[in-house]
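Read the structure below first, then the notes.
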Amino acid sequence: MSKQSYNSVPKIFTLAIFLFGVNFCFAQTDPCERVIQGYVLDIETDEPLIGAAVLVQETGQGTSTGLDGFFEIINVCEEETDLVISYLGYKKMKHHHDAHHPIVKVYLAADGSMLESIIVEAERMYSGISTGAIQRLTEDQMLLATGESLGSKLTQIPGVTTIQNGQNLMSPVIHGLTGNRIVIMNQGVRHEYQSWDTDHAPEIDGDSYQTIEVIKGAASVRYGADALGGVILLEGKPIELSSPLSARIGLLGMVNGRAGGVQSQARKGFKNGTVELQSNLYQQGDLNAPEYIMTNTGMTTASHSLRTRFHLSSNLDLEASISDLRQKIGILRSSVVGNLDDLEIALNAKSPSIQDDFSYEIAPPRQQIVHRMGRLALEYVDDHQAFKTQYSYQRNLREEYDVRRGNQLEIPNINVQLESHIVDLDWTHSSWNHLAGHIGGQWKFNDNRNIPGTNTVSFIPNYISHTSGLYAIERYTKGQFVWELGARLDYQFSNIRGLDENNDLYLSQLQFFNTSSILGLAYQLNEHIQYTSNISTAWRPPSIGELFRFGRRGSFIEYGLWRYQVDDGRLSTTEVQDQESKPITAEQAFKWVHDISFQQEKWFVQTTLHGSLINNYIYSRPGGVSQTIRGAAPVFIYDQDNVWIWGADFQSSWNHHQQWSSDFSARYIQGHIRSFDSPIPMLAPAQVAYTLNYKADIPWFDKFNLAWNTEYTFQQWDQPPIVTVDQLIANDPDNPINYSLEDPPFDILEAPEAYFLHDLSCVMQKDRWQVILQVQNVFNESYRSYTDRMRYFTDNIGRQINASMFYSI
Amino acid sequence: MTKFMPFLMLLFLGFFIACEPEDPDPENDEESITDITLNFVDDSGNTLTTVASDPDGDGPEDVQFEEGFTLKSSTQYTLSIDLFNSMNNEDITEEVEEEAAEHQMFFAWSDGLFSDPSGTGNIADATGTVNYSDSDSNGNPLGIVTEWTTGTEVGTERDFQIILKHQPDIKTADTGAQDGETDIDLTFTISLED
Chain H
4 MSKQSYNSVP KIFTLAIFLF GVNFCFAQTD PCERVIQGYV LDIETDEPLI
54 GAAVLVQETG QGTSTGLDGF FEIINVCEEE TDLVISYLGY KKMKHHHDAH
104 HPIVKVYLAA DGSMLESIIV EAERMYSGIS TGAIQRLTED QMLLATGESL
154 GSKLTQIPGV TTIQNGQNLM SPVIHGLTGN RIVIMNQGVR HEYQSWDTDH
204 APEIDGDSYQ TIEVIKGAAS VRYGADALGG VILLEGKPIE LSSPLSARIG
254 LLGMVNGRAG GVQSQARKGF KNGTVELQSN LYQQGDLNAP EYIMTNTGMT
304 TASHSLRTRF HLSSNLDLEA SISDLRQKIG ILRSSVVGNL DDLEIALNAK
354 SPSIQDDFSY EIAPPRQQIV HRMGRLALEY VDDHQAFKTQ YSYQRNLREE
404 YDVRRGNQLE IPNINVQLES HIVDLDWTHS SWNHLAGHIG GQWKFNDNRN
454 IPGTNTVSFI PNYISHTSGL YAIERYTKGQ FVWELGARLD YQFSNIRGLD
504 ENNDLYLSQL QFFNTSSILG LAYQLNEHIQ YTSNISTAWR PPSIGELFRF
554 GRRGSFIEYG LWRYQVDDGR LSTTEVQDQE SKPITAEQAF KWVHDISFQQ
604 EKWFVQTTLH GSLINNYIYS RPGGVSQTIR GAAPVFIYDQ DNVWIWGADF
654 QSSWNHHQQW SSDFSARYIQ GHIRSFDSPI PMLAPAQVAY TLNYKADIPW
704 FDKFNLAWNT EYTFQQWDQP PIVTVDQLIA NDPDNPINYS LEDPPFDILE
754 APEAYFLHDL SCVMQKDRWQ VILQVQNVFN ESYRSYTDRM RYFTDNIGRQ
804 INASMFYSI
Chain V
4 MTKFMPFLML LFLGFFIACE PEDPDPENDE ESITDITLNF VDDSGNTLTT
54 VASDPDGDGP EDVQFEEGFT LKSSTQYTLS IDLFNSMNNE DITEEVEEEA
104 AEHQMFFAWS DGLFSDPSGT GNIADATGTV NYSDSDSNGN PLGIVTEWTT
154 GTEVGTERDF QIILKHQPDI KTADTGAQDG ETDIDLTFTI SLED
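Protein chains in written order, with the numbering used here: chain H, 4 to 812; chain V, 4 to 197.
Given below as structure tokens:
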């Protein structure tokens, strides 16, 4: 057989996820009773290919697919085989099949197509939870979001929003929770970063993953404390053994910000292993709002990764990977204010006060991050079980530069290094009396230290922490029902050493022991309708930042939970508190998620309803106005309260015609702090979106897709009370009217008005070329987004035209 | 639950690495200003001094002013301002003078406190007159040293506001108290006596 004839470059694939959540069955035991089953489908249309030939190369056993594209080869003796799949007019492919892997799906690409035939072994869900609301970005969504940040990519999933600090700092928010209330799993490794502030976007290059999946439920049972809101799972695409060298090179360009990028990727499958090398570079200068330039909003990103897999035996795989990400992100120069008067001036200004000529220079204020990760995983699979053990190391270096006096300008005022070691063990056992599941454990060690030389009191202390957890999740399948039950035990110990504002040492120790659980149901009513419901409990210990932060950030002064006490209605920060003097209870969350989906030939509808109660929710609220040498500054204190959040996400698509289709989505969320009965600030306002897709049949092109997207974002009507800066300045500390220790969180400006945004996109393919053209904010609309902290100072980015071009080998 | 704690701790102990976090290094806060001293010197060399201080820096305590500061009426004074960081005994005045080209002091006062300059200062209205005695390398005023003649009306307590602005790359002859970031914004109370 000829080596060139089989292709196995997988491409990013997409499928209605809900259909496949549950199949994880293993092949038979008796050597010659192994069965290979699967489907052969057309990669472009998803239609079954009837009569495709499937051949076991070693034995010559073969069959052809039936009406639904299904094939089954019985009495296979070999543990490992090479399957050759062919169909007239389509690219032939070879697939190395392990008997322990479940049902395969073969997607064949037509001979003339740029796409390569791919194989998918089961619908591999990375979550390990079957009854949650899980959604994955489609291939088109991934393609159109090329060059965008992870947060921005994820907003295409209903229910996922962002909290922004300008265009380049976007933290993903799942059902109203963000930062250290969601977990990001980077190829199975929990991303460890300085998550104590929402203006710290996760240091992840979204373009180096081919699969992005979101669990919109509390998944603490599987992923450990903190996964209150949900989990984001990032994965590369699997590489076939013995697959030829393939490479993809892309060039990106954007008009607004005069940005450019290069993406490159090479991968090869050998007989006993695979290698993938990836490198993405990106530079962007000052961005433009419709009416003015936003000085110092540039950024640069460089990310590199190497992933390898060694197929040690038919049972054993070793994976090793390393990655390195460097980012330099500018923050709007005019967002720096010294005191309330400066803030008042900035709020009243029609446009930002500092507007320089376009530049790629990134001056303070800015963030500089280096995130490195190394990972080693050993996976054993046999007919009955899979056992995975993984060690990972991460080093996160964060430098933040503020506008400081002269010779201090190039000295960071925050310079912290967080090192993490994580060991994961997971045992997946196959169906036994209708029962299947995972049992495992995790151990995590974090070491955080301030790098000396910032010439300012450290905002957070040095600490180490150990976290260990044990979990079990079992699934009981009977008929159309799947029941899921899981429990987890966690223990966390932290040891803290910090310096207070007088450079006096304080020591503290923290210990938490907690449990999480999950109870879920998936019910397949008929071939069209699936319902899942999932109740979970989760917990989160207070983060070190929430306990010990102290000092000025921007124009506000912040005190962590253990850095202040209230004496006779007045704040005092003379003593650092501890668990004895000021006991803190961990956050405890209950979340209930319902997900109903309906799929028919032409229709797909999915609705998610969610409600959470979080006890001892840690948040910041007003603590008065402090008169400092710089003038009046508002003080924020961290406190605990009970909150509730509920909402709904809706997504649907409708194929009108072979060429025309529509997508419609909507989201709504509401959240209140219970003792104030006041809204949680910065929750995303309601939004509806409509997309019209047209697959044009243009002779010369293999693919020519056009899409028009219209998005309407409502004004946030459920907003916290407004206390204007004028009122803050006039505030009398002895007789506070507007702003005191007893008040709920407020906002200093009305929520921005509702806005309409329109995007236009075009994806073209010809042979090995792929070109994407896109216009965002087509009408150059001036608008401000409620969840963007920069809304106080500037409009959002104006019209953006971007083009990217990919060439695959 | 507490009963099980020792057992559980033992269970997890296997994973423990005996390890303490590093002691953090003390940092000298070279930016904060904690004490601002106004030195009013008359022609005969007599000095009247008042201090505003905020020893807890970003702590919740308000700035403390000395009460009952008075100046002689109808007297010519040279005002020099000292900026000091008491946390690490550092003179910030020198630093500001070194970077005069990106700093400027602005003043405002209640009507009648001074006869020269007339008006109420250059904070609300950047064109208001202040008698600057020092300047930066571009010939623009700095305001660490200024000249004043007090008014005639004695007794009433009047406000005297000083604002130090940090105006990197933007300071010109026309920039005012609305431009740049505020390093200092204090309002002293002064009364005049015969």
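The beta-carbon is built from N, C-alpha and C at its ideal position, and this holds for glycine as well.
Where residue i meets chain H, residues with beta-carbon distance less than 8 Å
{"i": "V:Thr37", "result": "Ile632"}
{"i": "V:Asp182", "result": "Ser356"}
{"i": "V:Ile173", "result": "Ile357"}
Residue span of the beta strand (DSSP E) that contains residue i, given as start and end
{"i": "H:Ile218", "result": "214 to 218"}
{"i": "H:Thr540", "result": "532 to 543"}
{"i": "H:Phe551", "result": "Careful: H:Phe551 lies outside any beta strand (DSSP E), inside the alpha helix (DSSP H) at 547 to 551."}
{"i": "H:Tyr394", "result": "388 to 404"}
{"i": "H:Glu279", "result": "276 to 287"}
{"i": "H:Ile77", "result": "73 to 79"}
{"i": "H:Ile648", "result": "634 to 658"}
{"i": "H:Tyr474", "result": "465 to 481"}
{"i": "H:Ala806", "result": "803 to 811"}
{"i": "H:Gln371", "result": "369 to 384"}
Coil, strand or helix - residue i by DSSP
{"i": "V:Leu16", "result": "Bear in mind that a pLDDT of 46 at V:Leu16, under 50, signals an unreliable position, so the number given afterwards is only what the model happens to contain. Residue state, collapsed to three classes: helix."}
{"i": "H:Met145", "result": "helix"}
{"i": "H:Val728", "result": "helix"}
{"i": "H:Tyr42", "result": "strand"}
{"i": "H:Tyr795", "result": "helix"}
{"i": "H:Lys156", "result": "helix"}
{"i": "H:Met297", "result": "strand"}
{"i": "H:Ala269", "result": "strand"}
{"i": "H:Ser211", "result": "helix"}
{"i": "H:Ala439", "result": "strand"}
{"i": "H:Asn26", "result": "In this prediction, H:Asn26 has a pLDDT of 32, which is less than 50 and means its spatial position is unreliable; what the coordinates show is noted afterwards. Correct three-state label for H:Asn26: coil."}
{"i": "H:Tyr129", "result": "Note that H:Tyr129 scores 49 on pLDDT, short of 50, meaning its location in the model is unreliable and no value can be drawn from it."}
{"i": "V:Val99", "result": "helix"}
{"i": "V:Glu105", "result": "helix"}
{"i": "H:Pro748", "result": "coil"}
{"i": "H:Glu36", "result": "helix"}
{"i": "H:Gln411", "result": "helix"}
Chain-ordered neighbours of residue i on chain V, where CB pairs are closer than 9 Å
{"i": "H:Glu504", "result": "Asp32, Asp59, Gly60, Asp61, Gly62, Met90"}
{"i": "H:Pro464", "result": "Pro24, Pro27"}
N- and C-terminal bounds of the alpha helix (DSSP H) containing residue i
{"i": "H:Gly674", "result": "Unbroken run through H:Gly674 is the beta strand (DSSP E), 663 to 676; no alpha helix (DSSP H)."}
{"i": "H:Thr588", "result": "No alpha helix (DSSP H) contains H:Thr588, which DSSP labels as neither H nor E."}
{"i": "H:Asn351", "result": "343 to 351"}
{"i": "H:His771", "result": "Reading off the sequence shown, one finds Arg at residue 771 of chain H, where the question assumed His. Segment: none, H:Arg771 is in no alpha helix (DSSP H) and carries neither H nor E."}
{"i": "H:Val859", "result": "The structure shown does not extend to residue 859 of chain H, since chain H spans only 4 to 812, so no value can be given for it."}
Chain H contact residues for residue i, given Cβ-Cβ distances below 9 Å
{"i": "V:Thr185", "result": "Val340, Gly341, Asn342, Asp344, Asp345, Arg633, Gly634"}
Contact list for residue i against chain H, beta-carbon separation under 7 Å
{"i": "V:Val66", "result": "Gln630, Thr631, Ile632"}
{"i": "V:Leu189", "result": "Ile632"}
Under 7 Å from the C-beta of residue i: neighbouring residues of chain V
{"i": "H:Phe460", "result": "Sequence check: residue 460 of chain H is Val here, not Phe. Simply Glu30, Asp32."}
{"i": "H:Gly554", "result": "Asp61"}
{"i": "H:Gly501", "result": "Pro27"}
(message) Whether or not the region 116 to 132 of chain V and the region 48 to 56 of chain V are in contact is what I'm after, with contact meaning three or more pairs of Cβ atoms, one per stretch, closer than 8 Å; do they touch?
(response) no
(message) Is it the case that the region 485 to 497 of chain H contacts the region 573 to 587 of chain H, given that we only count it when at least three CB pairs across the two stretches are under 8 Å?
(response) no
(message) Residues of the region 338 to 351 of chain H in Cβ contact with chain V at a cutoff of 7 Å, in chain order, please.
(response) Val339, Val340, Gly341, Asn342, Asp344, Asp345, Ile348
(request) Anything in the region 638 to 654 of chain H with a Cβ closer than 8 Å to a Cβ of chain V? List those residues in chain order, please. (result) Val638
(request) Scan the region 566 to 586 of chain H for residues whose Cβ lies nearer than 9 Å to a Cβ of chain V and list them as they occur along the chain. (result) Tyr567, Arg573, Leu574, Ser575, Thr576, Thr577
(request) Evaluate contact between the region 260 to 267 of chain H and the region 282 to 292 of chain H, counting only Cβ atoms and requiring at least three cross-stretch pairs below 8 Å. (result) yes
(request) State whether the region 689 to 700 of chain H contacts the region 714 to 721 of chain H, with contact taken as three or more CB pairs (one from each stretch) at a distance under 8 Å. (result) yes
(request) Anything in the region 140 to 156 of chain V with a Cβ closer than 9 Å to a Cβ of chain H? List those residues in chain order, please. (result) none
(message) Whether or not the region 58 to 65 of chain V and the region 493 to 510 of chain H are in contact is what I'm after, with contact meaning three or more pairs of Cβ atoms, one per stretch, closer than 8 Å; do they touch?
(response) yes
(message) Does the region 657 to 669 of chain H come into contact with the region 681 to 688 of chain H, if we say contact requires no fewer than three beta-carbon pairs (one atom in each stretch) closer than 8 Å?
(response) no
(request) Would you check if there are 3 or more beta carbon pairs closer than 8 Å linking the region 101 to 108 of chain V to the region 162 to 173 of chain V? (result) yes
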